[in-house]
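Below is one structure, written out as structure tokens, with a few remarks after it.
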Amino acid sequence: MIFYSDISNIPEIPNTIVTVGNFDGVHLGHKAIIDKMLEIKKKTNGNIVVLTFNPHPQNVLKKNNDFKYIHSIGRKSNIFARIGVDYLINIPFTAEFAKLSTEYFIEHYLVNILHAKYIVVGYDCHFGISHEETITVLSDLCAKHKFEFIEIPPVYIKDKIISSSAIREYLRQGMIKEANRMLGYEYSIFGQVVYGHHLGRTIGFPTANIIIENDLKLIAAEGVYVCYIKWNKNMFFGICNIGTRPTLNGKDLTIEVNIFDFNEDIYGEFLGIYFIDKLRDEQKFDSLDSLKAQISVDAERAKEIIESMPQYHF
């Protein structure tokens, strides 16, 4: 896959199949769009082009600094590459850009620059100042500009529409399994191992303390989770604690990972943590012995969950 951070610098791409959106999470609803584009590509030998925006419009138009992303740009790019996208193009989102009309956006970007032969979007796709009319405008312009327009309906799990906002809410509540079902793979975080207080080692459960430098990354709710850990192209199992360490009267949020059957010096290394399920909420214990006993229970329960799983995705 080829990534462009500025649409004005791209070369001409032949026979384009285009979609537009934020695609935060690249969830199963988004994958339905890509699957349709892959179907068209197979018939036409076209190029799949995803046009996306950064930062998210919420951060710009509503000045919502509390709005967090399910994925970083890097993680989103990696997933798009793996599911078959040929070109990923980012448009810097600004207040001025948001003032463009929907018709101008389609004609300038999708028709004149990308020469779209097919435009495939989700049912809730919105762009341009008249964004509520996006689907109507696309439908009206397809004959004039000789592109085929395809609208993908919502994808459901039971009676709930899969959406980035639903996934964010699940993560805020620590409902990892529900979030993963909508994503189609494990929610993940990536960060660097830094020095901590070495408490885990003193009670027999050494942990890697992780720092996440991306302030816009959505971190799941505080609690103890079963996870996979990726380090140096190797995969391990373990448990991850997200919280303030109340037993030690901590105040700052920390992310700690106990990696099973692992004894390597990884300070300064980067880890990928893939969440499988939540074991329990974080809680305050009366003593370190009580905490140690609970971690032993957590580890055994985590291993039971891992052994019952047929496979993992990442």
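Per this note's numbering, the sequence shown starts with residue 881, numbered consecutively. Positions of the beta carbon are idealized from the N, C-alpha and C atoms, including for glycine.
Item                                                                                                                               : Value
As assigned by DSSP and simplified to three states, the class of Asp915                                                            : helix
Straight-line gap, Val1104 to His936 (C-alpha atoms, nearest Å)                                                                    : 30 Å
Own chain partners of Asn1094 with C-beta closer than 6 Å, once the 5 adjacent residues on each side are dropped                   : Ser952
From Arg1061, Tyr1154, Glu1162, Ala1101, residue whose alpha carbon lies closest to that of Asn1129                                : Glu1162
Ile1175: first and last residue of the uninterrupted alpha helix (DSSP H) it sits in                                               : 1168 to 1188
Beta-bridge partners of Ala996, as assigned by DSSP                                                                                : Thr896
Delimiting residues of the alpha helix (DSSP H) encompassing Glu1013                                                               : Premise fails: Glu1013 is in no alpha helix (DSSP H) and is neither H nor E.
Assigned secondary structure, Gly1152 (DSSP; H/G/I helix, E/B strand, else coil)                                                   : strand
Top-ranked residue by Cα proximity to Cys1120, from Leu1063, Asp1178, Ile1146                                                      : Asp1178
Boundaries (first-last residue) of the alpha helix (DSSP H) holding Gln1053                                                        : Run containing Gln1053: none; DSSP gives neither H nor E here.
Of the listed residues Ala1101, Lys1158, Ile986, Thr896, nearest to Lys922 (C-alpha basis)                                         : Thr896
Contacts around Lys1158, its chain only, beta-carbon distance under 6 Å, and the 5 residues preceding and following it disregarded : Gly1054, Ile1056, Gly1103, Tyr1105
Rounded distance between the beta-carbons of Ile950 and Ile1047, thought under 8 Å                                                 : 6 Å
Terminal residues of the beta strand (DSSP E) in which Gln938 lies                                                                 : Unbroken run through Gln938 is the alpha helix (DSSP H), 937 to 941; no beta strand (DSSP E).
Element boundaries [beta strand (DSSP E), containing Glu1031]                                                                      : 1028 to 1032
Asn1136 - partner residues in DSSP beta bridges                                                                                    : According to the sequence shown, residue 1136 is Glu rather than Asn. For Glu1136, which the question treats as bridged, DSSP gives the partners Asn1089, Asn1121.
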